[in-house]
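Undergrad: Numbering (the working numbering) for the sequence shown: 2 to 189.
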Amino acid sequence: MHFIFVLIAGIFISFNISVIPLYAQQDSLTLAVKIVEDYWSEQDDFLTNLSKNTGVDGRNHINNVLTISKKEKEDTVLRLKNMRWIESENSRLSRRVMNTVTTYMERYIRAVKKLSGKLGLENKKDIDSIIERAAQVRENFITKLKEVQQEEKILREQIPVKEKEEPLPVIDSPVVEDPSKSRGIWER
2 MHFIFVLIAG IFISFNISVI PLYAQQDSLT LAVKIVEDYW SEQDDFLTNL
52 SKNTGVDGRN HINNVLTISK KEKEDTVLRL KNMRWIESEN SRLSRRVMNT
102 VTTYMERYIR AVKKLSGKLG LENKKDIDSI IERAAQVREN FITKLKEVQQ
152 EEKILREQIP VKEKEEPLPV IDSPVVEDPS KSRGIWER
């Protein structure tokens, strides 16, 4: 009996999830969170591979950058997730999402550039390739985010705006009131 209920509930839930339109499955905020997490994981892989080729001092500097960037990633993701509840105006929300993502990515690139000064010249070429790749990935992600925000803007413009209706009069109030009659506290 329980098995049949679970089976039917599972089918019902999977059916309801598949009915959600595509534009509602991924909005700019969820895409921005995914972009930040993907960007961090890719750059983390690059720096982890670089740390294998460096000495102890270089490894310590790289680990410092990794721990700081991980904290910044978590803060950025939290900020993006909370942004939906803070911002009510859609155009302002789009600008804040874009600014948050680009700021995170630019900070990461600056941290890697500072790292190149702390490491030896033998790692300079690797760090330059990491910075180049990070800038290229940043541009691809920003382009994708702009496209999704533009699609959201078009969808918002297609939704008709409801006009506010006039409020209905109170039903139990008298139709005609005598304005000359002063109402006491008991008649209000």
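All C-beta atoms in this analysis are idealised placements derived from N, C-alpha and C, irrespective of residue type, glycine included.
Smallest Cα separation from residue 111: which of 36, 44 and 28?
TA: The candidate whose alpha carbon is nearest that of residue 111 is 44.
Undergrad: What is the rounded straight-line gap between the Cα of residue 64 and the Cα of residue 42?
TA: If I take the Cα positions, the gap works out to 14 Å.
Undergrad: Measuring alpha carbon to alpha carbon, tell me which residue in 162, 29 and 144 is nearest residue 85.
TA: 29
Undergrad: Once DSSP output is grouped into helix, strand and coil, what is the label at residue 23?
TA: With a pLDDT of only 40 at residue 23, under the threshold of 50, the placement of this residue in the model should not be trusted, and no figure is reported.
Undergrad: If contacts are defined as beta-carbon pairs under 8 Å, then residue 101 and residue 77 qualify, I think. What distance do you get, rounded to the angstrom?
TA: 6 Å
Undergrad: Compute the Euclidean distance between the alpha carbons of residue 73 and residue 99, then round it to the nearest angstrom.
TA: 16 Å
Undergrad: Within 10 angstroms of the Cβ of residue 139, are there 16 or more other Cβ atoms? Answer buried if so, exposed if not.
TA: buried
Undergrad: Given a cut-off of 8 Å on the beta-carbon distance, is the pair residue 1 and residue 131 in contact?
TA: No information on residue 1 is available, as it lies outside the stretch 2 to 189 that the chain covers here.
Undergrad: When burial is assigned at 16 or more other CB atoms within 10 Å of the CB, is residue 150 buried or exposed?
TA: Residue 150 comes out buried.
Undergrad: Work out the CA separation of residue 34 and residue 125 for me, nearest whole Å.
TA: 31 Å
Undergrad: Which value, in whole angstroms, describes the spacing of the CA atoms of residue 113 and residue 129?
TA: 9 Å
Undergrad: Do residue 55 and residue 120 come within 8 Å of each other at the CB atom, strictly closer than that value?
TA: yes
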